[in-house]
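Residue numbers (this note's numbering): 198 to 373.
Have a look at the structure below, then the notes.
Below, the structure is given as structure tokens:
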């Protein structure tokens, strides 16, 4: 979601969605809850373009786990959901290169940049072009390098999540 742009989905996802559907991909579209809350009319307008296609599903449920579990790839922009998806399912993310959605200008005052900026290519690939045909090359490349992609995701997970698989023992050690 992008609070300053009620046309965000239309501008950044319409053409790509149409191309994927034209090529018989199945799409589960999950709106960001804030976008749905603030721009419901715009969201409905976006969905009207695709809702007649049986390969297009809309998921407005509170939990994202069922949708993510069924997906082979996640396509997003700057969302932190990318890390949840990659870490949980060890599947790659395709990031659409759009302007950063900076909701807190103070992030520039910190010495560390947000993970959503620094680690994107460690858990997926970036679609730099507005040419939606490029996504098919990215998808083919991800399929060919599936093992390497999973290894990169695991490496990033281990870099960013501490005491993985033994956090309970660490807590016991600290308390004892």
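Where is the CB? At the ideal position from N, CA and C, for every residue including glycine.
Which residue or residues does DSSP assign as beta-bridge partners of residue 332? Looking at the DSSP output, residue 332 bridges to nothing.
What did DSSP end up calling residue 222 once you bin it into helix, strand or coil? Three-state result, residue 222: coil.
Can you tell which of 310, 344 and 208 has its C-alpha closest to the C-alpha of residue 289? The closest CA to that of residue 289, considering only 310, 344 and 208, is found on 344.
Is it buried or exposed for residue 358, if we count other Cβ within 10 angstroms and need 16 for buried? Answer is exposed; the Cβ neighbour count stays below 16.
Given that a residue counts as buried once 16 or more other Cβ atoms are within 10 Å of its Cβ, and exposed if not, what is residue 337? With a threshold of 16 other beta carbon atoms within 10 Å, residue 337 falls short and is exposed.
Are at least three pairs of beta-carbons, each pair with one atom in the region 245-260 and one in the region 288-306, less than 8 Å apart? The region 245-260 makes no contact with the region 288-306; the number of CB pairs closer than 8 Å stays below 3.
Classify residue 346: buried if its beta carbon has 16 or more other beta carbons within 10 angstroms, exposed otherwise. Buried: at least 16 other Cβ atoms inside 10 Å.
Which class does residue 346 belong to by DSSP, given the choice of helix, strand or coil? DSSP places residue 346 within a helical segment (H, G or I) once states are collapsed to three.
Check whether the region 279-289 touches the region 224-236, counting contact only when three or more Cβ pairs, one atom from each stretch, lie closer than 8 Å. Pairwise C-beta distances place the region 279-289 out of contact with the region 224-236, as fewer than three of them are shorter than 8 Å.
Would the region 265-276 and the region 298-315 be scored as touching if the rule is three or more Cβ pairs under 8 Å? Because the criterion of three Cβ pairs below 8 Å is met, the region 265-276 and the region 298-315 touch.
Does the Cβ-Cβ distance between residue 240 and residue 233 come in under 7 Å? Taking 7 Å as the Cβ cut-off, residue 240 and residue 233 qualify as a contacting pair.
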